[in-house]
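Taking it in order: structure first as C-alpha cells, then the write-up.
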C-alpha cells in the first residue's frame, strides 16, 4: 500500500503565506508586493498585515491569486515574549476587503488561546509564527489547540537576527502526537531584502483560493528555501522521496531514529529510500542543496 500526501494528477502552486505591506509596517504597497511575487513566478500570496484582515481582489490575475489573511499578536506583560498568529481564509466577499481586528490585551496564559479562537471564529485557518524570534518556550504553546501549522522557517527573522528556524519545536509537537504542518514563509517587510526566500508549494487541482487553502489544511504541500520536491511517500514499508539535485537527504522519524544520505564530491542525490521499522509514529524528510538551502516535507503519520 502506498501513502502519499501528493496526487500526481494535481498541479503545483508556489506561494508565500506571510507578508506585510504599507497598510501596516511594510515598505511596499500591496500592489508592489503582488507585482514582486508575480514577476518572480509565485502563484499566490497572502498579505497578512498586522491587525488588518484583508483581501486584495483587484491584484489577482488569471495565474496569480491573493489569499485573504491577517497577523495578530499577543504580548506578555510579565516577560519579554510574544505570540504571533497568521490567519488565512477561503471565505471572502469577492471584492477588496479591509477589516481591523482589535489587539487582544494580556490576561494570563489563556489569552494565547483566545487569540487563536478569535481568528477561528472569523472562519480562518491559523498557524503559529516565528516562535524562536518571539522568545517563546515550548511549554508556552505545546497545549494550545486550533492551529494547523507552525513556521519552521521565517526568512525575515533569519536575515534579521538568525531566529528563523524552529524545526526543533515542530518535532517536539509531532513526538507528542500533534498533527501540525511545517510552513516556510518570508514574513517580508522589505526594510531589508527579505522577499522571495521562504515559500510553500501546494499540490492542488486548481489555482483557486478554496483549493489552495484546503490543500494547506490537509498537508498537501512542502516548504522550501530552494530545492524542489517531486514525490514523497511510504510504500511497502519504505519511505521514499524524489527531489531536485541536492547534497543531502534526511529522513526524520520518531521512534526509532531515521536515516541520512549524502552525495559524494561532485555528485548529487535526486532520490532516496529507507526501510522503516514499523514502530515509527511519523516520518518526514529534509533535502539540502549545495548552497545549504532546504526543502521540508510534511510528516506522514504512521501510528
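In my numbering, the protein residues as written are 20 to 322. A virtual CB, placed ideally from N, CA and C, is assigned to each residue, including glycine.
Checking the sheet assignment: what are the DSSP bridge partners for residue i?
i, result
"residue 202", "170"
"residue 17", "Lying before the first or after the last residue shown, residue 17 is absent from the chain, which here runs from 20 to 322."
"residue 16", "Lying before the first or after the last residue shown, residue 16 is absent from the chain, which here runs from 20 to 322."
"residue 42", "For residue 42, which the question treats as bridged, DSSP gives no partner whatsoever."
"residue 114", "None, per the DSSP bridge assignment."
"residue 301", "273 and 320"
"residue 83", "80"
I'd like the span of the beta strand (DSSP E) that includes residue i, first residue to last.
i, result
"residue 270", "267-273"
"residue 283", "Run containing residue 283: none; DSSP gives neither H nor E here."
"residue 30", "30-35"
"residue 64", "63-65"
"residue 287", "It is not in any beta strand (DSSP E) - residue 287 carries neither H nor E in the DSSP assignment."
"residue 75", "No beta strand (DSSP E) holds residue 75; DSSP gives it neither H nor E."
"residue 1", "The question about residue 1 has no answer, for the chain in this structure spans 20 to 322."
Does residue i come within less than 9 angstroms of chain C when only Cβ atoms are used?
i, result
"residue 240", "Absent here is chain C; the protein component of the structure consists of one chain."
Within the continuous alpha helix (DSSP H) that includes residue i, where are the two ends?
i, result
"residue 57", "49-58"
"residue 123", "From DSSP, residue 123 is part of no alpha helix (DSSP H); its letter is neither H nor E."
"residue 157", "157-160"
"residue 136", "129-140"
Report back the beta-carbon spacing between residue i and residue j to the nearest angstrom; my notes put them in contact at under 8 angstroms.
i, j, result
"residue 345", "residue 120", "What the structure shows of the chain is the stretch from 20 to 322, and residue 345 is not part of that stretch, so it cannot be assessed."
"residue 206", "residue 180", "About 13 angstroms; that fails the 8 angstroms criterion."
"residue 264", "residue 287", "4 angstroms"
"residue 134", "residue 91", "6 angstroms"
"residue 138", "residue 123", "So it is not a contact: roughly 11 angstroms between Cβ atoms."
"residue 111", "residue 231", "Not quite, the Cβ-Cβ distance comes to about 13 angstroms (not below 8 angstroms), so this is no contact."
Q.
Three or more C-beta pairs under 8 angstroms: does that hold for the stretch 181-196 against the stretch 279-299?
A. no
Q.
Tell me whether the stretch 53-71 and the stretch 34-44 touch, counting them as touching only if at least three CB pairs, one residue from each stretch, are closer than 8 angstroms.
A. yes
Q) In chain order, which continuous runs of the beta strand (DSSP E) of length 3 or greater are located wholly inside the stretch 193-252? A) 200-204, 218-223 and 240-243
Q) Do the stretch 104-113 and the stretch 134-149 make contact, defined as three or more Cβ pairs closer than 8 angstroms? A) yes
Q: Would you check if the stretch 159-169 and the stretch 220-229 touch, i.e. whether three or more CB-CB distances between them fall below 8 angstroms?
A: no
Q: Would you check if there are 3 or more beta carbon pairs closer than 8 angstroms linking the stretch 242-257 to the stretch 69-83?
A: no
Q) Okay, do the stretch 256-274 and the stretch 302-316 touch, 3+ Cβ pairs below 8 angstroms being the bar? A) yes
(Q) Quick test of the definition: if touching needs 3 or more C-beta pairs under 8 angstroms, does the stretch 250-258 touch the stretch 79-97? (A) no
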